[in-house]
Amino acid sequence: MKASRREFIKKSLLATAGISYTLDSASSVYDITNVSNPHFATYQSKSNDAFKISIFSKHLQWLDYGEMAKVAASLGFDGVDLTVRPNGHVLPERVTEDLPKAVAAIRGAGMNVYMITTAIKSAEDPFTENILKTASSLDIRHYRMGYLFYDEKINIEENLKNFKDQLSKLALLNEKYSIQGEYQNHSGMYFGASIWDLYSVLKQINSPWIGSQYDINHATVEGASSWPIGFKLLKSHIKSIDIKDFFWTKKNSQWQVEYAPLGEGMVNFKEYFRLLKHYEINVPISVHYEYALGGAEHGASTLTISKEAVMSSMKKDLIRLKNFLAEEKLIDQTK
């Protein structure tokens, strides 16, 4: 039976990315939603992304796309949060060629790509539009942005205005490609560390296409007891969350953050997930492994401990996370 023009377009699209094609397998994964511009091959999502758990691919950069997908699937993740940034799994300058390959490997292993992590800071960044265009064509609906910093030469109000103007332009580009940009609150001298500044800017922009990737770990670093206030303030802007744990430790007479396996640090996950349920924040999750893990915590390409030891730690954290979610009935572990 002859292949239809629609199937021929699919085959051509995948071939340009170097991905093997069969009519049976590809027809269940890709569809052309914009025939006038057949570049856009989009994945047909089979479910929503609420509480779908991805592993941050920074911690699997010792593996190629195929092995990364196999490991993530064997651990029990729903997806992979791909690094699409300098030194990431997908380099920005090769996004058109390599992102489809990485996504195909992940979906071929039975998972999905609910989000990617980028270094995008503005609509004018040289790779911004190509990354968003390619990600959108693959039906990826969330991306994490790069970090912004205050300019010490101007006052806080001027900084906030500049951030608003910068992110407003990015929101328009996100809308063009139907993909949400999400800014992570990171502790320290970053825009967004205090939550109030991020909320102020997002409220003024007032766009569904730009929001927050909320980090309870960093929020706890900045406000061990007061974080629920900032969380409540930001709640309507939260589009995704990332998960990790820490405790304070003293080294060389200096107090500093030391990351820990989930449930072994200071983060009050019980209260956090209770509030997620209370505020009906139903978003995808990215799991981060920042504690000592043979180099995987830093995105190393080679490990100093066994692959089995790394995978065992990752599995334990995932099980703990699922238990936290199940306790609040945010996921059903009986399925």
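In this note's numbering, the protein residues as written are 899 to 1233.
From the three backbone atoms N, C-alpha and C, an ideal C-beta is built for every residue, glycine too.
The residue among S1124, L1065, I1018 and K1213 with its C-alpha nearest the C-alpha of E991 is I1018. Our two residues, V1165 and L1223, have alpha carbons roughly 15 Å apart in a direct line. Inter-segment contact for the region 949-959 and the region 1180-1190 is present: three or more beta-carbon pairs are separated by less than 8 Å. For G1079, there is no enclosing alpha helix (DSSP H); the enclosing beta strand (DSSP E) covers residues Q1078 to Q1082. Secondary structure in the region 1016-1080: the beta strand (DSSP E) runs of 3 residues or longer, each lying completely within the stretch, are 1040-1042 in chain order.
Relative to the Cα of W1146, the nearest Cα in the group K1137, E1055 and H1116 belongs to H1116.
Within the region 1137-1222, the complete alpha helix (DSSP H) runs of at least 4 residues fall at 1167-1176.
Residue pairing by DSSP places S1110 opposite Y1081 and I1136 in a beta bridge. Secondary structure of L989 (DSSP, three-state): coil. Secondary structure note for I951: its beta strand (DSSP E) is the uninterrupted segment I951 to F954. In this structure P998 is buried. Its beta-carbon is surrounded by 16 or more other beta-carbon atoms within 10 angstroms.
By the Cβ test, the region 1143-1161 is not in contact with the region 1123-1131, since fewer than three Cβ pairs between them sit closer than 8 Å. By the neighbour-count criterion, in which 16 or more other beta carbons inside 10 Å mark a residue as buried, N1104 falls on the exposed side. Sixteen is the threshold: since fewer than 16 other Cβ atoms of the shown chains lie within 10 Å of the Cβ of F1047, the residue is exposed. In the DSSP assignment, L973 falls outside any beta strand (DSSP E) and within the unbroken alpha helix (DSSP H) covering Y963 to L973. Per DSSP, the unbroken beta strand (DSSP E) holding D979 starts and ends at G977 to V982.
Per the coordinates, the alpha-carbon of F1089 lies some 16 Å from the alpha-carbon of L1068. Taking C-alpha positions only, Q1078 is separated from K1205 by approximately 34 Å.
Look at N1104 here: in three-state DSSP terms it is coil, with no helix or strand label. Per the C-alpha coordinates, the member of D1049, S1085, L1100 and N1057 positioned closest to S1066 is L1100. For a cut-off of 8 Å, the C-beta gap from L1058 to F1129 is around 20 Å, too long to register as a contact. Within its own chain, the residues whose Cβ lies closer than 6 Å to the Cβ of T1202, once the five positions on either side in sequence are excluded, are G1192 and G1193, listed in chain order. Of G974, A1002 and N1028, the smallest CA-CA separation from D962 is found for A1002. Under the DSSP definition of a beta bridge, I1014 partners with L980 and Y1041.
With fewer than 16 other Cβ atoms from the protein chains shown falling within 10 Å of its own Cβ, N985 counts as exposed. Spanning the alpha carbons of D947 and N1150 requires a straight line of approximately 44 Å.
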